[in-house]
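S.K.:
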Amino acid sequence: GEDVEQSLFLSVREGDSSVINCTYTDSSSTYLYWYKQEPGAGLQLLTYIFSNMDMKQDQRLTVLLNKKDKHLSLRIADTQTGDSAIYFCAAYGGSQGNLIFGKGTKLSVKP
Amino acid sequence: SAVISQKPSRDICQRGTSLTIQCQVDSQVTMMFWYRQQPGQSLTLIATANQGSEATYESGFVIDKFPISRPNLTFSTLTVSNMSPEDSSIYLCSVVAPDGYTFGSGTRLTVV
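Protein chains in written order, with the numbering used here: chain A, 4 to 114; chain B, 88 to 199.
(1) Is threonine 189/B helix, strand or coil by DSSP?
(2) Take the Cβ of methionine 119/B as the centre, count every other Cβ of all protein chains shown within 10 Å, and call the residue buried at 16 or more, exposed below.
(3) Taking the DSSP output, what are the residues bridged to asparagine 55/A?
(4) Kindly list, in the order they appear in chain A, the residues whose Cβ is closer than 8 angstroms to that of leucine 160/B.
(5) Beta carbons nearer than 9 angstroms to chain B: which residues of the segment 34-46 of chain A have them?
(6) Measuring straight from C-alpha to C-alpha, what distance separates serine 98/A and tyrosine 144/B?
(7) Taking a Cβ distance cut-off of 7 angstroms, strictly less, list which residues of the segment 172-191 of chain B are near chain A, in chain order.
(8) Taking the C-alpha atoms as reference points, what is the distance between leucine 13/A and leucine 77/A?
(9) For lysine 39/A, count the other beta carbons within 10 Å of its own beta carbon; 16 or more makes it buried, fewer makes it exposed. Which is it?
(10) Closest by CA to valine 116/B, which one among Pro126/B, Thr135/B, Gly103/B, Gly127/B?
(11) Do you know whose CA, among Gly45/A, Ile79/A, Gly43/A, lies nearest glutamine 60/A's CA?
(12) Would you say lysine 106/A lies against chain B (beta-carbon separation less than 8 angstroms)?
(13) For chain A, check one thing: does any of its Cβ atoms lie closer than 8 angstroms to the Cβ of threonine 135/B?
(14) Taking the C-alpha atoms as reference points, what is the distance between threonine 84/A and glycine 18/A?
(15) Of all Cβ atoms in chain A, is any one closer than 8 angstroms to the Cβ of leucine 165/B?
(16) Select from the segment 62-81 of chain A all residues with a C-beta closer than 9 angstroms to any C-beta belonging to chain B, and list them in chain order.
(17) Would a C-beta distance cut-off of 8 angstroms place serine 54/A and serine 32/A closer than the cut-off?
(18) Is aspartate 72/A helix, strand or coil when you go by DSSP?
(19) Quick one, which of Lys94/B, Gly147/B, Pro172/B, Val90/B has its alpha-carbon nearest glycine 193/B's?
(20) Bridge partners of threonine 82/A, per DSSP?
(21) Does glutamate 17/A come out as helix, strand or coil in the three-state DSSP assignment?
(22) Applying a beta-carbon distance threshold of less than 9 angstroms, which residues of chain A neighbour phenylalanine 120/B?
(23) Is the Cβ-Cβ distance between valine 7/A and alanine 88/A less than 8 angstroms?
The following block contains the structure:
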């Protein structure tokens, strides 16, 4: 089955760019998602990319997909302290049509 | 996109008791998922709630422990039965919306 891996921590300075990386195993995953979870809150859908795309940009967010390497990244430009959260990568590919999640990357933004 | 109202947002429960979590969606959806997020961990699918039939459970989760109801296309409940401290987690419902999978705000359960 699908397996999704992420690095666990990332620390950046305010104003810098953040890049969060993710790898997945199932090349047939059609959709790949990025979610944000703030402390004590649910999951907020940030963006997603379809497998026939290489890149998607949405304001400060850029998603890059390398299908050959099964690698997905989320770049946050001009990172702010309000971006501090846990970011989850998820792939469509569960046996019930559900998402498979990575363990999450905790992003810390220092002023 | 679909908006989900999930209740309660948090609860502290005694071991041995049960808690029912509700999710109400503002539109009709076919698939509704229930996930568990143990402390510091990722999300794990418990089951898919099906309208008009029994829920489909993932390996490691059983109906006696996590009974699910889906009376219509906008509502579902998950019950955590005979709770132990190991059940302390965040429980989230999710639906498939046109712009992706939407999640409820979660129920933070602490069992003491």
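Don't be surprised by glycine CBs; every beta carbon is placed ideally from N, CA and C.
Predicted model only: the values in this text are computed from it and were never measured.
M.R.: This is what the structure holds:
(1) Working through the second sequence from its first residue, we reach residue 189/B at position 102. Residue state, collapsed to three classes: strand.
(2) Numbered from its first residue, the second sequence carries residue 119/B at position 32. Counting Cβ neighbours within 10 Å, methionine 119/B comes out buried, since at least 16 surround it.
(3) Counting from 1 along the first sequence, the entry for residue 55/A is found at position 52. Residue pairing by DSSP places asparagine 55/A opposite no residue, since no beta bridge is assigned to it.
(4) Your numbering for residue 160/B matches position 73 in the second sequence. Result: empty, since nearest Cβ-Cβ is about 16 angstroms, beyond 8 angstroms.
(5) Answer in chain order: Tyr34, Tyr36, Tyr38, Gln40, Gly43, Ala44, Gly45, Leu46.
(6) Position 95 of the first sequence holds residue 98/A. Position 57 of the second sequence holds residue 144/B. For serine 98/A and tyrosine 144/B, the distance between alpha carbons rounds to 11 angstroms.
(7) The residues in question are Leu179, Gly187, Tyr188, Thr189, Phe190, Gly191.
(8) As a first step, residue 13/A is located in the first sequence; it is residue number 10 there, counting from the start. As a first step, residue 77/A is located in the first sequence; it is residue number 74 there, counting from the start. Cα to Cα, the separation comes out at about 12 angstroms.
(9) On the first sequence, residue 39/A is found 36 positions in, with the first residue counted as 1. The residue in question, lysine 39/A, is buried, as its Cβ has 16 or more Cβ neighbours within 10 Å.
(10) Taking the second sequence and counting its residues from 1, the one referred to as residue 116/B is at position 29. Of Pro126/B, Thr135/B, Gly103/B, Gly127/B, the residue nearest in Cα terms is Thr135/B.
(11) Translated into the one-based positions of the first sequence, residue 60/A becomes position 57. The residue from Gly45/A, Ile79/A, Gly43/A with its alpha-carbon nearest to that of glutamine 60/A is Ile79/A.
(12) Start at 1 with the first residue of the first sequence, and residue 106/A comes out as number 103. For lysine 106/A, the answer is yes, since a Cβ of chain B falls inside 8 angstroms of its Cβ.
(13) To locate residue 135/B, count along the second sequence from 1; it is residue 48. Judged by the 8 angstroms Cβ criterion, threonine 135/B is in contact with chain A.
(14) For this step, residue 84/A is matched to residue 81 along the first sequence. For this step, residue 18/A is matched to residue 15 along the first sequence. Spanning the alpha carbons of threonine 84/A and glycine 18/A requires a straight line of approximately 9 angstroms.
(15) Taking the first residue of the second sequence as 1, we reach residue 165/B at position 78. The beta-carbon of leucine 165/B is placed no less than 8 angstroms from the nearest beta-carbon of chain A.
(16) Answer in chain order: no residues at all.
(17) Locating residue 54/A in the first sequence gives position 51, counting from the first residue. Locating residue 32/A in the first sequence gives position 29, counting from the first residue. Using a Cβ distance threshold of 8 angstroms, serine 54/A and serine 32/A count as a contacting pair.
(18) Position 69 of the first sequence, counted from the first residue, corresponds to residue 72/A. Aspartate 72/A falls in the coil class under three-state DSSP.
(19) Residue mapping note: residue 193/B aligns to position 106 of the second sequence, counting from 1. Among Lys94/B, Gly147/B, Pro172/B, Val90/B, the Cα nearest to that of glycine 193/B belongs to Lys94/B.
(20) The residue given as residue 82/A occupies position 79 in the first sequence. Looking at the DSSP assignment, threonine 82/A forms no beta bridge with any residue, so it has no partner.
(21) Locating residue 17/A in the first sequence gives position 14, counting from the first residue. Coil at glutamate 17/A, not helix or strand.
(22) Taking the second sequence and counting its residues from 1, the one referred to as residue 120/B is at position 33. By Cβ distance, chain A contributes Gly97, Gln99, Gly100, Asn101, Leu102.
(23) Translated into the one-based positions of the first sequence, residue 7/A becomes position 4. Translated into the one-based positions of the first sequence, residue 88/A becomes position 85. Not closer than 8 angstroms, so no.
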